[in-house]
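Protein chains in written order, with our numbering: chain A, 4 to 268; chain B, 4 to 268. Okay, so here's the structure we're looking at.
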DNA sequence: GCAAGGACTTCCGTTTAACGGAAGTGAGTC
DNA sequence: GACTCACTTCCGTTAAACGGAAGTCCTTGC
């Protein structure tokens with residue numbers, strides 16, 4: 004028939020890829036069809052095409068997963084690639100000094116998008132992953148991005164429901180605004196078990212040529228550790244170096260990257 | 004009409020994604036259509052669908068590039084993700100000792116596929132990138148993978164034309180075989196300006212539970228540096244630790260990952 | 001300023017390949 | 001041996017993909 008309910012074959016195939024996320028890294032055919040609200044036969048046919056090309060793979064227990072070929076293609080995406088190329092060496096320097104988890108993140112929509120992460124054996128195991136999204140109000144890098152964003156953006160963000168991650172997450176808009184003001188005043192963001200119990204973080208903004216926040220650089224430690232402020236000078240120094248290289252390479256507000264939301268500063 | 008020349012809409016859309024590679028990270032619509040041998044109007048329609056979903060983005064000069072969303076989805080691919088999770092902390096330890104470029108690679112088809120890379124400011128700039136492919140006979144990690152593969156695989160590999168990367172690349176099958184035998188004897192692979200002039204490397208294999216080579220771990224330095232053998236004990240120690248964790252996590256021959264080629268050992 | 005060239009975009013009649021309900025297969029359970 | 005559940009295949013219908021051609025909008029050259 005080709006009476007596909009308004010959606011093109013291509014967009015349906017892409018929806019199947021979009022059905023995968025951190026919580027669902029593998030899916031059965033039935034789950035895929037259900038998540039995309041399409042008939043099993045349709046999902047079956049499209050999935051076969053995706054598998055033939057290498058976008059999906061089938062593992063030992065017949066579950067589908069994102070294919071290695073898609074990983075390879077995804078790494079060609081210029082935005083994360085350039086940002087990573089620039090940030091990673093400086094993050095490496097930071098890691099050597101601190102031996103803690105180092106994060107580099109940008110804002111995408113209303114989320115913190117983790118672009119790069121360094122970790123070692125001495126660092127606390129944490130949930131962040133490269134390519135992952137976490138809320139802006141419960142993470143160090145997120146708060147650093149949010150606090151230095153435009154007032155309009157902060158207004159929009161605070162007007163939306165604030166997800167509670169732990170009992171320490173700030174979910175009251177007023178308290179969040181005060182927290183963001185304090186962050187701006189001191190020049191760096193702090194969190195204390197707001198994303199995960201047992202973890203604290205400190206982060207600084209990375210500014211572009213127009214002095215708008217383009218990214219943020221942060222570090223996560225186990226909560227019982229000593230004061231986080233001691234990391235701020237190093238974080239600021241590396242953030243400044245990253246900003247300098249980003250400006251030199253014209254990586255500023257990277258057009259088309261931060262979608263459908265007002266930026267401005 | 005829907006008289007698409009034998010290919011489904013889905014596979015054509017995927018072919019458009021496949022048109023991008025390291026040499027062509029951005030393409031115009033016309034280039035895309037040409038590379039995929041499809042009419043401009045068709046490419047236009049499919050590209051619009053890919054862009055709407057976020058698989059492609061359009062940059063300032065109207066060129067298409069792989070979208071950030073595809074990068075995010077690609078990172079969900081279990082094989083590279085698990086391997087990276089396991090290998091990176093050990094690579095970090097290796098980096099701290101050597102301050103050189105650290106690579107972790109697997110074989111995919113007849114290529115060396117770079118799964119993880121660590122680099123810093125003190126390391127030599129090199130062409131390898133995560134998600135990239137390079138030949139097996141001209142790279143340290145590639146030779147380590149090749150030397151410890153099955154004899155059938157080595158036969159197949161040597162029978163194919165050996166690409167010359169520099170004037171030092173071994174392109175004679177007989178010489179490559181002797182080089183691989185020497186690699187097996189000494190237990191680690193060496194290269195000397197065989198991939199890039201000015202760079203040398205040393206690498207060791209990482210074995211799985213069945214004692215077949217599953218991956219390799221290597222390090223690249225500037226060619227004027229002192230002897231590479233001094234890095235071997237550390238490389239072997241970390242490779243053994245990675246192998247141990249891989250076996251514990253059942254990451255051995257990872258079904259469906261290394262495609263269409265005989266493995267065995 | 002205007003024509004030519006090139007790259008992208010839109011239009012639209014034709015037709016075939018995508019659609020999905022239904023029936024078939026096959027592994028696992030009781 | 002009947003039941004369930006997940007996946008696979010079949011096949012008639014038809015709407016959605018196809019792509020040639022015409023249109024738009026740049027940029028370049030004279």
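Ideal placement from N, C-alpha and C gives every residue a C-beta, glycine not left out.
3-residue-minimum beta strand (DSSP E) runs that sit fully inside the stretch 132–179 of chain B, ordered along the chain: Taking only runs of at least 3 residues, the beta strand (DSSP E) segments lying wholly in the stretch 132–179 of chain B are 136–138.
Taking only the alpha-carbon atoms, compute the straight-line gap between residue 35 of chain B and residue 59 of chain B and give it to the nearest angstrom. About 12 angstroms.
Residue 10 of chain A, DSSP secondary structure in three states: coil
Does chain A have any CB closer than 8 angstroms to the CB of residue 82 of chain B? yes
With distances taken from CA atoms, which of B/179, B/47, B/190, B/235 is nearest residue 31 of chain B? B/47
Cβ-based neighbour list, residue 245 of chain B, same chain, cut-off 7 angstroms, excluding 5 preceding and 5 following: So the list reads 89, 90, 93, 209, 220, once near-sequence residues are dropped.
Residue 207 of chain A (DSSP reduced to helix, strand or coil): strand
Please name the residue or residues paired with residue 107 of chain B in a DSSP beta bridge. B/119, B/220
Residue interval of the beta strand (DSSP E) (run including residue 69 of chain A): 67–69
Rounded Cβ spacing between residue 125 of chain B and residue 102 of chain B (contact assumed at less than 8 angstroms): 4 angstroms
How about residue 45 of chain B: is its C-beta nearer than 8 angstroms to some C-beta of chain A? no
Exposure label - residue 106 of chain B; buried when at least 16 CB within 10 Å: buried
Kindly indicate which residue of B/67, B/71, B/70, B/80 has the alpha-carbon position closest to the one of residue 73 of chain A. B/80
Counting only beta-carbon separations shorter than 8 angstroms, does residue 11 of chain B have a partner in chain A? yes
Are the stretch 209–218 of chain A and the stretch 157–176 of chain A touching by the rule of at least three beta carbon pairs closer than 8 angstroms? no
Residues that residue 194 of chain A bridges to, as DSSP identifies them: Answer is A/204.
Neighbouring residues, chain A, relative to residue 96 of chain B (Cβ below 8 angstroms): Here the neighbours are 123, 124.
If you measure between the beta carbons of residue 168 of chain B and residue 202 of chain B, is that distance less than 8 angstroms? Between residue 168 of chain B and residue 202 of chain B, the C-beta gap is not smaller than 8 angstroms, which leaves the two residues out of contact.
If I follow the unbroken beta strand (DSSP E) through residue 60 of chain A, where does it start and stop? 59–61
For residue 3 of chain B, does the three-state DSSP call read helix, strand or coil? As displayed, chain B neither begins before 4 nor continues past 268, which places residue 3 of chain B out of reach and without an answer.
What is the DSSP secondary structure of residue 64 of chain B, counted as helix, strand or coil? coil
Give the residues of chain B in contact with residue 31 of chain A, contact being defined as C-beta atoms less than 9 angstroms apart. Per Cβ cutoff of 9 angstroms: no residues; residue 31 of chain A is ~15 angstroms from chain B at best.
Contact test: residue 21 of chain B Cβ vs the ligand SAM heavy atom, cutoff 7 angstroms: Summarising the ligand content, the structure contains no ligands, and the ligand SAM is consequently not present.
For residue 148 of chain B, which of B/166, B/128, B/182 has the nearest alpha-carbon? Nearest of B/166, B/128, B/182 to residue 148 of chain B, Cα basis: B/182.
Can you check which of these residues, A/38, A/44, A/109, A/19, is closest to residue 151 of chain A by C-alpha distance? A/109
Cα-Cα, which of B/52, B/20, B/42, B/66 is closest to residue 75 of chain A? B/20
Work out the CA separation of residue 134 of chain A and residue 119 of chain A for me, nearest whole Å. 8 angstroms
So, helix, strand or coil for residue 96 of chain B, using DSSP? helix
What span of residues does the alpha helix (DSSP H) with residue 127 of chain B cover, start to end? Here residue 127 of chain B belongs to no alpha helix (DSSP H), and DSSP marks it neither H nor E.
Could you pull the DSSP bridge partners for residue 114 of chain A from this structure? A/111, A/138
Is the CB of residue 28 of chain B under 8 angstroms away from at least one CB in chain A? yes
Quick one: residues in its chain with C-beta nearer than 8 angstroms to the C-beta of residue 71 of chain A, no 5 flanking neighbours on either side, listed in chain order? 57, 60
Mind checking which residues open and close the alpha helix (DSSP H) that includes residue 249 of chain B? 235–251
Looking only at its own chain, which residues have a Cβ that is under 6 angstroms from the Cβ of residue 252 of chain B, when we skip the five neighbours before and after it? Short of 6 angstroms from the beta carbon of residue 252 of chain B, and not among the five residues preceding or following it, lies no beta carbon of its own chain.
Can you have a look at residue 83 of chain A and say buried or exposed, based on whether 16 or more other CB atoms are within 10 angstroms of its CB? buried
Using three-state DSSP, classify residue 24 of chain B as helix, strand or coil. strand
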